[in-house]
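Trainee: I am attaching a structure below and will ask some questions about it afterwards.
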DNA sequence: CAGAATCCCGAATGATACTG
DNA sequence: CAGTATCATTCGGGATTCTG
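Protein chains in written order, with full-length UniProt numbering: chain A, 1 to 120; chain B, 1 to 120.
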C-alpha cells in the first residue's frame, strides 16, 4: 500500500488536482457529516432513526442528503422493507467497508489526540 | 491501535459528539483545504509559493487561513527567515507527521478508487 | 516574496412544518 | 417511521487591492 505522496504519484499522474475525481471523493467522504455517518455505519447496519441519534447534531435534511450522496458513491446501501410502519436500513457496501478500514485508525488517532490539539 | 468504533469508545466516552474536541479537529484536518495542505507538506518542508502551486486551486486567502489554523493546532510549524526578500518555510510538526501516517494510506486508497466511485 | 484587509456572492446548512 | 418541502440564514471562499 502506498504510504507516501511520492508513491501515490508514481501510479497516478493527476492526483488531487482540481477537477480530479479524488477531489470529489474527498468532498463527499471528508465532509462534515459524511465521515460521521460512515463512522456510525462502521458499527453495522442502522436504521434512519438510529443514525439520526448516532450522529449528534445532524439535521434530517443533512442526513438525507448525506446518505443519498454516499449511496450514489456506492459506499452505502439502502434497503427498504415494504412494511407498515416503514423500515429502512442502511449499511456499508464492501467498498465502504474497505474505505473505513483506512479511516478508523485515523479516527482513533484523532480521538486520542483531540484534547491536546484543541487545548493549545 | 484502535481499529473499530467500539474500541475507540472503550477509551473515550464522549467521542464525536457535538462540542467534542474531535469535531474541531475533524473540521480543521478534514476541511476542503486542510487535508490538501497537509498532504503537500507530507513531502517535506515547503515555502509559501510552493504550497500555493502544490495545492491546485487554493486562493491566497484560504492558504493563509488554513496554515494559521494548522499552526495553531500544532500540526504545522512556520519558520520565517529575516532576509530580504522574505523567506518563510512550512513543515509538519512531529504530531503532524504522526497524523499523516494515518492519512496517507487513506489518500492512497482514494487515489486508487476515485475513478470508480465518481464514474457511477 | 509573503502575506493582510476588504468586499461580496452563492452554496451549504439549519429550523420548521408537512406527508406517504 | 422515514423521510420531503420550503424558507431563512450563515459563512466558506473567491476576487481584488494593498503592504512590510
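The beta-carbon is built from N, C-alpha and C at its ideal position, and this holds for glycine as well.
Using DSSP with H/G/I as helix, E/B as strand and the rest coil, what is residue 91/B?
Mentor: Reading the second chain from its first residue, position 91 is the one you call residue 91/B. Correct three-state label for residue 91/B: strand.
Trainee: Which residues in the same chain have their Cβ closer than 8 Å to the Cβ of residue 8/B, if we skip the five residues on either side of it in sequence?
Mentor: Your numbering for residue 8/B matches position 8 in the second chain. Taken in chain order, the residues that qualify are 2, 15.
Trainee: Are the beta-carbon atoms belonging to residue 106/B and residue 103/A less than 8 Å from one another?
Mentor: Residue mapping note: residue 106/B aligns to position 106 of the second chain, counting from 1. Residue mapping note: residue 103/A aligns to position 103 of the first chain, counting from 1. Yes; because the gap between Cβ atoms is below 8 Å, this pair is in contact.
Trainee: Measuring alpha carbon to alpha carbon, tell me which residue in 110/A, 52/A, 12/A is nearest residue 75/B.
Mentor: Position 75 of the second chain holds residue 75/B. The shortest C-alpha separation from residue 75/B is found at 110/A.
Trainee: With 16 as the cutoff for other CB atoms within 10 Å, does residue 59/B come out buried or exposed?
Mentor: Taking the first residue of the second chain as position 1, residue 59/B is located at position 59. Exposed, by the Cβ-count rule.
Trainee: Quick test of your reading: residue 41/B and residue 92/B, contact by CB under 8 Å. State the CB separation rounded to the nearest angstrom.
Mentor: Here residue 41/B refers to the residue found at position 41 when the second chain is read from its first residue. Here residue 92/B refers to the residue found at position 92 when the second chain is read from its first residue. Confirmed, Cβ separation roughly 5 Å.
Trainee: Given that residue 102/B touches chain A, what residues does it touch there, using C-beta distances under 7 Å?
Mentor: Counting from one through the second chain, the residue named residue 102/B turns up at place 102. Near residue 102/B (Cβ distances below 7 Å), the residues of chain A are 105, 106, 109.
Trainee: Assuming residue 89/A and residue 45/A are in contact, meaning their beta carbons sit under 8 Å apart, how far apart are those beta carbons, in whole angstroms?
Mentor: Translated into positions along the first chain, residue 89/A becomes position 89. Translated into positions along the first chain, residue 45/A becomes position 45. Rounded, the Cβ-Cβ distance is 5 Å, consistent with contact.
Trainee: Taking the alpha-carbon positions, what's the residue 79/A to residue 4/B distance?
Mentor: Against the first chain, residue 79/A aligns to sequence position 79. Against the second chain, residue 4/B aligns to sequence position 4. Cα to Cα, the separation comes out at about 24 Å.
Trainee: Comparing alpha-carbon positions, which option in 96/B, 81/B, 116/B lies nearest residue 73/A?
Mentor: In the first chain, the residue the question calls residue 73/A occupies position 73. Comparing Cα-Cα distances from residue 73/A to each of 96/B, 81/B, 116/B, the minimum goes to 116/B.
Trainee: If you draw a straight line from the C-alpha of residue 17/A to the C-alpha of residue 85/B, how long is it?
Mentor: Position 17 of the first chain, counting from 1, holds the residue named residue 17/A. Position 85 of the second chain, counting from 1, holds the residue named residue 85/B. Cα to Cα, the separation comes out at about 29 Å.
Trainee: Between the Cα of residue 66/B and the Cα atoms of 27/B, 87/B, 94/B, 101/B, which residue gives the shortest distance?
Mentor: Along the second chain, read from residue 1 onward, the residue named residue 66/B stands at position 66. Among 27/B, 87/B, 94/B, 101/B, the Cα nearest to that of residue 66/B belongs to 27/B.
Trainee: Using a Cβ-Cβ cut-off of less than 8 Å, give me the residues of the stretch 45 to 72 of chain B that come near chain A, in sequence order.
Mentor: Against chain A - using a Cβ distance shorter than 8 Å - the residues of the stretch 45 to 72 of chain B are 56, 57, 72.
Trainee: Whose C-alpha, out of 56/A, 47/A, 21/A, is nearest the C-alpha of residue 35/A?
Mentor: For the purposes of this step, residue 35/A is taken as residue 35 along the first chain, with counting starting at 1. Answer by Cα proximity: 56/A.
Trainee: Can you say whether residue 49/B is buried or exposed, counting buried as having 16 or more other CB atoms within 10 angstroms of its CB?
Mentor: Here residue 49/B refers to the residue found at position 49 when the second chain is read from its first residue. Exposed is the call here.
Trainee: Of the residues 108/A, 113/A, 101/A, which one's Cα is nearest the Cα of residue 10/B?
Mentor: Here residue 10/B refers to the residue found at position 10 of the second chain. Among 108/A, 113/A, 101/A, the Cα nearest to that of residue 10/B belongs to 108/A.
Trainee: Could you tell me the alpha carbon to alpha carbon distance between residue 97/B and residue 47/A, rounded to whole angstroms?
Mentor: The sequence position of residue 97/B within the second chain is 97, counting from 1. The sequence position of residue 47/A within the first chain is 47, counting from 1. Taking the straight line joining both Cα atoms gives about 37 Å.
Trainee: What does the alpha-carbon distance come out to for the pair residue 21/B and residue 12/B?
Mentor: In the second chain, residue 21/B corresponds to position 21, counting from 1. In the second chain, residue 12/B corresponds to position 12, counting from 1. Approximately 12 Å between the Cα atoms of the pair.
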